[in-house]
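Colleague: Structure incoming, see below.
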Amino acid sequence: MTTFDGNTWWWITETRVNYTSALFWSSNSLHFSVNDTGDSGMYWQIYTLPNGNVQFRNKNSNTLKQLGTCYVADEVSSSKLQLCMEDSNAQNSQQWTISAWGDGTYKINNVANGTSLNADWHPGGPGFMSPNTNVTPIQPAQHWLFSSIGLVQDGLYSTSIEPTATGAGSSGTKTNTPASATAAATETGNGAASTSSSTSSASPVQQSSSSGLSGGAAAGIGIGVAAAVIGLVALAFFIIRRRKTKAKEIAVQELPDTGPGDIGAVGNAARGKTYEKFTCGIAF
1 MTTFDGNTWW WITETRVNYT SALFWSSNSL HFSVNDTGDS GMYWQIYTLP
51 NGNVQFRNKN SNTLKQLGTC YVADEVSSSK LQLCMEDSNA QNSQQWTISA
101 WGDGTYKINN VANGTSLNAD WHPGGPGFMS PNTNVTPIQP AQHWLFSSIG
151 LVQDGLYSTS IEPTATGAGS SGTKTNTPAS ATAAATETGN GAASTSSSTS
201 SASPVQQSSS SGLSGGAAAG IGIGVAAAVI GLVALAFFII RRRKTKAKEI
251 AVQELPDTGP GDIGAVGNAA RGKTYEKFTC GIAF
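Numbering-wise (UniProt numbering), the sequence shown opens with residue 1 and increments by one.
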């Protein structure tokens, strides 16, 4: 099994063209182009998942797209599958395995198709999945080479969509996996081993989120609160109105009797005093 440092940018090529050109992606076109260290379309990240499979990302599309396989009716191979860049997901068609041929080159297989199909390249393009997997005669475009060309050093590329269940149509969750410090591919098993440095790794930490209450529950609570507020306002208004009405009734009951022809007790007292003075006047 071969592992690759996820914090390294890689050139990817095959032995038929060697390092004169490299795999390139730009403007939805996947092809080989003359090597250019300044062209980001040739920069590939090989991200290793906890299950040992890898995902290929290109610097031009960051983590939004990944290398996968697409059905193409016009493909001359019986597989009818070509290499393509797709919107990132956790499906097996975007997961790959890389293993050594034993001569310093590597074989690339798609997890959805197993080892019955090898990644290959038609002369002049496009890439396809070949059912011709025989060791001899050698199929040069099935013998892949990788060369490190720089460090990623971008936290964006430490995130991946990983499967939560098996199968090609499995759903996925985003996880963060710190990139290791390895600067080159490390090969175990048969074949020559590439130079490598020490590797530090950590278990992926799954990012989970909770949406809290559902929309229906939140709406129900909002309606209940609004109804309670309206009820309290109505009750307060009723109590205040009732108190004002009662106060008016009490005020009316306490007023003195001042009907026609009667000016009340105070008036009667005053009228009596006047009468007494008048009577005294007559006595003189």
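For each residue, glycine too, the CB sits at the ideal point set by N, CA and C.
Between the region 75 to 82 and the region 47 to 65, are three or more C-beta pairs nearer than 8 angstroms?
Modeller: Cβ pair count under 8 angstroms is below three, so no.
Colleague: Does the Cβ of residue 244 have 16 or more other Cβ atoms within 10 Å, making it buried, or fewer, making it exposed?
Modeller: Exposed is the call here.
Colleague: Check whether the Cβ atoms of residue 128 and residue 67 sit closer than 8 angstroms, and answer yes or no.
Modeller: Not in contact: residue 128 and residue 67 (Cβ atoms no closer than 8 angstroms).
Colleague: Measuring alpha carbon to alpha carbon, tell me which residue in 108, 125 and 123 is nearest residue 117.
Modeller: Among 108, 125 and 123, the Cα nearest to that of residue 117 is on 108.
Colleague: According to DSSP, what are the bridge partners of residue 87?
Modeller: Answer is 65, bridged to residue 87.
Colleague: Looking at residue 96 and residue 72, is the spacing between their C-beta atoms short of 8 angstroms?
Modeller: Contact flag unset, no.
Colleague: Is there contact between the region 5 to 21 and the region 143 to 154, where contact requires at least three CB pairs shorter than 8 angstroms?
Modeller: Verdict: yes, contact present.
Colleague: Bridge partners of residue 57, per DSSP?
Modeller: DSSP lists 45 as partners of residue 57.
Colleague: State yes or no: is the C-beta of residue 111 nearer than 7 angstroms to some heavy atom of the ligand NAD?
Modeller: The ligand NAD is not part of the structure shown, which contains no ligands of any sort.
Colleague: Residue 32 and residue 17 look like a contact to me (Cβ under 8 angstroms); what is the Cβ gap, rounded to whole Å?
Modeller: Their Cβ separation, rounded to whole angstroms, is 6 angstroms, which keeps residue 32 and residue 17 in contact under 8 angstroms.
Colleague: What are the residues that DSSP puts in a beta bridge with residue 13?
Modeller: Answer is 145, bridged to residue 13.
Colleague: Residue 121 and residue 12 - do their beta-carbons sit closer together than 8 angstroms?
Modeller: Contact flag unset, no.
Colleague: In terms of DSSP beta bridges, what is residue 30 paired with?
Modeller: DSSP lists 25 as partners of residue 30.
Colleague: Looking at residue 2 and residue 149, is the spacing between their C-beta atoms short of 8 angstroms?
Modeller: No, Cβ-Cβ distance for residue 149 and residue 2 is not below 8 angstroms.
Colleague: Residue 123 to residue 28, Cα distance in whole Å?
Modeller: Going from the Cα of residue 123 to the Cα of residue 28 covers about 19 angstroms.
Colleague: Quick one, which of 234, 126 and 90 has its alpha-carbon nearest residue 50's?
Modeller: Of 234, 126 and 90, the residue nearest in Cα terms is 90.
Colleague: Do you know whose CA, among 34, 23, 52 and 35, lies nearest residue 44's CA?
Modeller: Nearest of 34, 23, 52 and 35 to residue 44, Cα basis: 23.
Colleague: For the beta strand (DSSP E) containing residue 51, name the first residue and the last one.
Modeller: Per DSSP, residue 51 belongs to no beta strand (DSSP E) and is neither H nor E.
Colleague: Could you give the residue range of the beta strand (DSSP E) that holds residue 106?
Modeller: 106 to 110 is the extent of the beta strand (DSSP E) around residue 106.
Colleague: In whole angstroms, give me the CA-to-CA distance for residue 241 and residue 235.
Modeller: The alpha-carbon atoms of residue 241 and residue 235 are separated by roughly 10 angstroms.
Colleague: List the endpoints of the continuous beta strand (DSSP E) containing residue 6.
Modeller: Note, residue 6: premise wrong, no beta strand (DSSP E); not H, not E.
Colleague: Measure the alpha-carbon distance for residue 131 versus residue 39 and round it to whole angstroms.
Modeller: Using only the alpha carbons, I get a separation of about 32 angstroms.
Colleague: Does the distance from the CB of residue 105 to the CB of residue 48 come in under 8 angstroms?
Modeller: Going by C-beta atoms, residue 105 is not nearer than 8 angstroms to residue 48.
Colleague: Looking only at DSSP bridge pairs, what is residue 119 linked to?
Modeller: According to DSSP, which records beta bridges pairwise, residue 119 is partnered with 129.
Colleague: Is residue 82 helix, strand or coil when you go by DSSP?
Modeller: If DSSP states are grouped into helix, strand and coil, residue 82 belongs with the strands.
Colleague: Can you name the start and end residues of the beta strand (DSSP E) that residue 98 belongs to?
Modeller: Segment 96 to 100, the beta strand (DSSP E) holding residue 98.
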